[in-house]
Structure formats: C-alpha cells, structure tokens
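Just below is one structure, and these are the notes that go with it.
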Amino acid sequence: MPPTPIRIRGKRKASSAVISSPSTTTTTMTMRPSKMLRSIQDVKHTRQLQPRSSLDRLPAEILESILLYSGSVALPRASPIIGAKLSSRVTLLRFFIWGFHDTWDQWFGIPFDKVLEGPRAEDEGKGCRTPQEAKYFPCDGDPELQSALLGLPWADIDFILHAQQTWADTYARHRWYEPPFRVYHGKYGAFDAASSFNCVWRHFCRTRIGPHRTVVRNVHPNVRLPLPLVTGPWDAERTKRLFWLVLGGVNLEARDSATRSLPWEYHLDFLRNAVVRTETPNEVAYRLLRDQCDLMRVPPDLLRSERDALVKRLQQVGESEPQVVELLQDALEDINYKLDLRSPRSHK
514 MPPTPIRIRG
524 KRKASSAVIS
534 SPSTTTTTMT
544 MRPSKMLRSI
554 QDVKHTRQLQ
564 PRSSLDRLPA
574 EILESILLYS
584 GSVALPRASP
594 IIGAKLSSRV
604 TLLRFFIWGF
614 HDTWDQWFGI
624 PFDKVLEGPR
634 AEDEGKGCRT
644 PQEAKYFPCD
654 GDPELQSALL
664 GLPWADIDFI
674 LHAQQTWADT
684 YARHRWYEPP
694 FRVYHGKYGA
704 FDAASSFNCV
714 WRHFCRTRIG
724 PHRTVVRNVH
734 PNVRLPLPLV
744 TGPWDAERTK
754 RLFWLVLGGV
764 NLEARDSATR
774 SLPWEYHLDF
784 LRNAVVRTET
794 PNEVAYRLLR
804 DQCDLMRVPP
814 DLLRSERDAL
824 VKRLQQVGES
834 EPQVVELLQD
844 ALEDINYKLD
854 LRSPRSHK
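For what it's worth, the numbering used here labels the leading residue of the sequence shown as 514, then goes sequentially.
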C-alpha cells in the first residue's frame with residue numbers, strides 16, 4: 514500500500530507531465546491573448562455592453578428638451594455621452610436663443626434714447642432713458658442664465674450675431690427695427706445683425722467719443738460680464754464681444770455692479786492688460802471699462818509702480834503714435850487722480 518500524500522499550504526508547482534509537454538503550454542498562451550492585443554472594435558463592443566445611466570440612454574431630442582426647460586449649462590458636463598449628444602451647433606443655437614428670447618422679444622427695434630413703444634420710462638413726460646436708469650426698467654429675461662451662456666467657450670461674437678439673426682428671422686421678421694446712432698433709416702424687416710453691428714462698431718471707432726453706454730437692449734441689465742472680458746488681454750473677437758455687451762445693456766453704472774465688486778487684483782489686471790504692460794494698448798476696452806476700473810481699491814504702492822511704468826512708456830513712445838500717446842496720458846491722469854484722492858492732503 515503506497516503512502517498517503519500530505520498536502521501542505523504553499524505554492525503549488527506544475528506536475529512533471531505538464532512541464533514535459535510544450536505543446537500544451539503553447540496552446541494555453543494562444544488561448545489567452547493579452548489586453549494589448551485587443552482590437553479597437555473589441556474595446557468598443559465591450560463598452561457598449563456596459564450598463565449606462567438612464568440619462569445616457571435618452572435620445573438627443575429628449576435631452577435637448579431637458580436642457581432647454583431646465584436652463585442648466587451643467588447638463589452637457591454630466592457625462593461624455595450626454596455632452597456629445599448636446600454638442601451640435603443647432604442645439605447650442607437653440608439653447609442660446611432660449612436664454613435671450615424674452616429680452617430680445619421685449620426690446621427688439623427700440624433704440625435706448627427714445628421710447629416710441631414697448632417698455633415705458635418711469636417718468637412718462639421725459640420719454641427717454643438714461644444709463645443710470647437702466648437698472649430700474651422692468652426687463653424680461655433671466656440674467657443668471659444669460660450670464661452663464663455668455664461665459665461658455667463657444668459663445669463668441671460670430672455665434673452671438675448668428676443667434677440674434679436666427680431669432681429675428683423666426684420671431685421678428687415683420688417688426689419695425691430702428692438702428693442706434695441713426696446709421697441708416699429704420700423700416701420693417703430691416704434687421705441684419707452682422708451689418709448693424711459692423712455699422713455701430715465703425716461709428717464707435719471713428720468718433721472716439723466715450724465712454725459709450727447702452728444704446729440698445731441686447732441683454733438683461735443685471736448680466737455679469739465674463740471675467741476674461743474684464744481683465745483681458747483682448748484679441749479682436751473679445752474686443753467686439755465686450756463692445757456688443759456694454760452697448761447692449763449691461764448695467765455698469767451702479768456702484769454695486771458685479772464688475773465694480775470684483776477684487777482689486779482684477780482691476781489691476783485690467784489696467785495692466787489695457788494700457789500699461791501690453792505691447793499694443795487696447796483703446797476700445799479702456800474706453801468701455803475705465804469707469805468700472807476701481808483703482809481706489811488697489812494698494813497705493815502697486816498703483817505708484819504702474820504709474821512709473823506708464824511714465825517710462827510715454828517717454829519711449831514719443832510723438833510717433835499720437836493715438837497711443839493720448840490713451841496713455843488719459844490713463845496716467847486717471848491714476849494720478851486716484852492717488853491724489855487717497856493722499857492725506859486731500860482729506861484736510
């Protein structure tokens with residue numbers, strides 16, 4: 514009778530029969546391919562078999578309805594699948610129009626200087642609006658949703674004008690439109706978003722009278738400017754988008770406005786990127802936002818440092834660029850004025 518084998522815990526070794534047969538080992542290796550040998554089709558097929566959430570399984574049409582009625586700009590970021598379904602240009606265009614429809618429908622074709630029809634001023638005898646009164650007029654629309662939409666990366670000036678034109682073609686084809694600054698005579702069905710914007714833009718750059726304020730109502734007055742448009746730097750697209758927003762109704766006159774309430778670091782960044790430490794000063798941005806640049810909150814030492822840099826730059830420019838010299842001198846006067854107000858002598 515052979516002895517009974519005793520099993521001891523530990524690493525089990527392969528039997529001599531398995532080791533002696535190399536064909537068996539080769540067959541086993543070929544039956545178990547490594548993960549590196551899997552094709553892209555196999556990976557996609559495996560992912561399709563994985564369970565998805567209930568929102569991911571919804572068709573794009575239903576997801577678009579949820580996006581519009583919820584007004585949540587965070588919905589496309591819920592998952593990559595939802596983001597892909599809601600990333601078409603048509604969906605983004607509908608979402609943007611949805612957020613601005615009430616404001617555009619209320620104020621379309623009404624210049625800001627005279628009220629011929631539509632929303633009336635509190636003082637009916639004046640029949641005019643001033644920028645300081647802009648906040649107190651009842652304005653339709655959701656400023657939070659509009660602020661969120663304007664801060665999205667795909668909402669550039671071309672997209673905004675395209676959305677405005679699409680809305681006008683759909684809802685205001687037969688309504689009267691009178692352009693600001695009387696760049697051309699108003700008439701029915703005459704709205705061309707790109708042409709009207711370019712006319713007002715050329716008029717603004719040609720007159721060089723500023724700062725300008727609301728001339729039409731494109732946005733709710735309580736809309737917040739996107740932070741990159743406040744601090745800069747500005748390229749051509751950002752400059753035009755800032756121009757569209759400021760002249761389109763963003764309320765910058767209130768002392769408690771969102772732009773004025775920003776920390777002083779942002780106001781210092783605006784000053785540096787607009788005139789002091791940029792190769793090409795941005796005259797348009799400085800004219801539009803100079804009154805909202807609250808230099809009184811910037812520490813005096815930093816403000817004096819920017820003044821010294823501005824003086825040094827004026828000496829380097831000379832008289833070769835008169836427009837740049839004029840802009841730098843205006844900025845220097847603003848800084849000196851704020852420093853004088855903060856000096857102890859001004860309080861005596």
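Glycine is no exception: its CB is placed at the ideal position from the N, C-alpha and C atoms. These numbers were taken from a predicted model, which means no experiment stands behind them.
### Message
Check this for me: beta carbons of VAL508 and LEU823, under 8 Å apart or not?
### Response
This structure leaves residue 508 out entirely; the chain is present only between 514 and 861.
### Message
Going residue by residue through the segment 813 to 840, where are the continuous beta strand (DSSP E) segments of at least 3 residues, counting only ones entirely within it?
### Response
Listed in chain order, there is nothing to give.
### Task
Please confirm if the segment 736 to 751 is in contact with the segment 792 to 802, defined as three or more CB-CB distances below 8 Å between the two stretches.
Look at the beta carbons and you see the segment 736 to 751 touching the segment 792 to 802: at least three pairs across the two are nearer than 8 Å.
### Message
For the segment 700 to 710 against the segment 733 to 744, do three or more pairs of beta-carbon atoms, one drawn from each stretch, fall closer than 8 Å, so that the two count as touching?
### Response
Judged by Cβ distances under 8 Å, the segment 700 to 710 makes no contact with the segment 733 to 744, as fewer than three pairs qualify.
### Coil, strand or helix - TRP611 by DSSP
Of the three classes helix, strand and coil, the one that applies to TRP611 here is helix, per DSSP.
### Message
Using a 10 Å radius around the Cβ and a threshold of 16 neighbouring Cβ atoms, would you call CYS652 buried or exposed?
### Response
Flag for CYS652 reads buried.
#### Entry: GLN554 burial status per 10 Å Cβ neighbour count (16 or more: buried)
Per the 10 Å Cβ criterion, exposed.
### Message
On a Cα-Cα basis, can you pick out the residue from GLU750, LYS700, ASP669, LEU775 that is closest to TRP689?
### Response
Nearest of GLU750, LYS700, ASP669, LEU775 to TRP689, Cα basis: LYS700.
### Query
Can you tell me whether DSSP reads TRP667 as helix, strand or coil?
TRP667 falls in the coil class under three-state DSSP.
### Query
Assuming ASP669 contacts ARG754 under a Cβ cut-off of 8 Å, what Cβ separation, rounded to an integer in Å, is found between them?
Under the criterion of beta carbons closer than 8 Å, ASP669 and ARG754 qualify as touching, at roughly 7 Å.
### Query
Which residue or residues does DSSP assign as beta-bridge partners of TYR684?
Bridge partners of TYR684: none, in fact.
### Query
Which residue comes first and which comes last in the alpha helix (DSSP H) that contains SER578?
573 to 583 is the span of the alpha helix (DSSP H), which, as asked, contains SER578.
### Query
Does the beta-carbon of GLN842 have 16 or more other beta-carbons within 10 angstroms, so that it is buried, or is it exposed?
That one is exposed.
#### Entry: Rounded distance between the beta-carbons of GLN805 and VAL732, thought under 8 Å
Not really, about 16 Å apart at Cβ, beyond 8 Å.
### Query
For VAL729, which of ILE623, VAL837, ILE579, THR559 has the nearest alpha-carbon?
Nearest of ILE623, VAL837, ILE579, THR559 to VAL729, Cα basis: ILE623.
### Query
Is it true that the CB of PHE621 sits closer than 8 Å to the CB of LEU674?
No, these two residues do not count as a Cβ contact at 8 Å.
#### Entry: Beta-carbon spacing of HIS780, LEU816 below 8 Å
Against a cut-off of 8 Å, the Cβ pair of LEU816 and HIS780 comes out as no contact.
#### Entry: Straight-line Cα distance separating ILE575 from GLU846
Approximately 57 Å, taken between the alpha carbons.
### Query
Straight-line CA distance for ALA661 to VAL586?
Going by the C-alpha atoms only, they are around 7 Å apart.
### Message
What residue range does the alpha helix (DSSP H) around ASN786 cover?
### Response
No alpha helix (DSSP H) contains ASN786, which DSSP labels as neither H nor E.
### Straight-line Cα distance separating ASN786 from THR616
Answer to the nearest angstrom: the Cα atoms are 32 Å apart.
### Query
Which one of ASP618, CYS712, TRP667 has the shortest CA to CA distance from HIS687?
Looking from the CA of HIS687, the closest CA among ASP618, CYS712, TRP667 belongs to ASP618.
#### Entry: Within 8 Å, strictly: CB atoms of LEU852 and PRO812
A distance of 8 Å or more separates the beta carbons of LEU852 and PRO812.
### Message
Output needed for VAL837: all residues of its chain with C-beta closer than 7 Å, excluding positions within five of it in sequence on either side, in chain order.
### Response
Excluding its 5 nearest sequence neighbours in each direction, VAL837 has C-beta neighbours in its own chain below 7 Å: PRO794, VAL830, listed in chain order.
### Query
By Cβ distance below 6 Å, which residues in the same chain neighbour GLN677 in space, the five residues on each side in sequence not counted?
Correct list, in chain order: ALA706.
#### Entry: Range of the contiguous alpha helix (DSSP H) that encloses HIS716
706 to 720 is the span of the alpha helix (DSSP H), which, as asked, contains HIS716.
### Query
For TYR701, which beta-bridge partners are listed by DSSP?
For TYR701, the pairing in a beta bridge is given by DSSP as TRP689.
### Task
Consult DSSP for VAL603 and reduce its assignment to one of helix, strand or coil.
Here VAL603 sits in helix by DSSP.
### Message
Between the alpha carbons of GLU792 and LEU663, how many angstroms are there, rounded?
### Response
Note on geometry: alpha-carbon atoms of GLU792 and LEU663 lie some 28 Å from one another.
### Where the alpha helix (DSSP H) containing GLU796 begins and where it ends
Note, GLU796: alpha helix (DSSP H), 796 to 802.
### Cut-off 6 Å between Cβ atoms - residues of its own chain near GLY762, not counting five sequence neighbours on either side
Once the five neighbours on either side are set aside, the close Cβ partners of GLY762 are THR727, ARG730, ASN731, VAL732, PRO734.
### Query
Per DSSP, what kind of secondary structure is ASN849 in: helix, strand or coil?
In the structure shown, ASN849 adopts helical secondary structure according to DSSP, grouped into three states.
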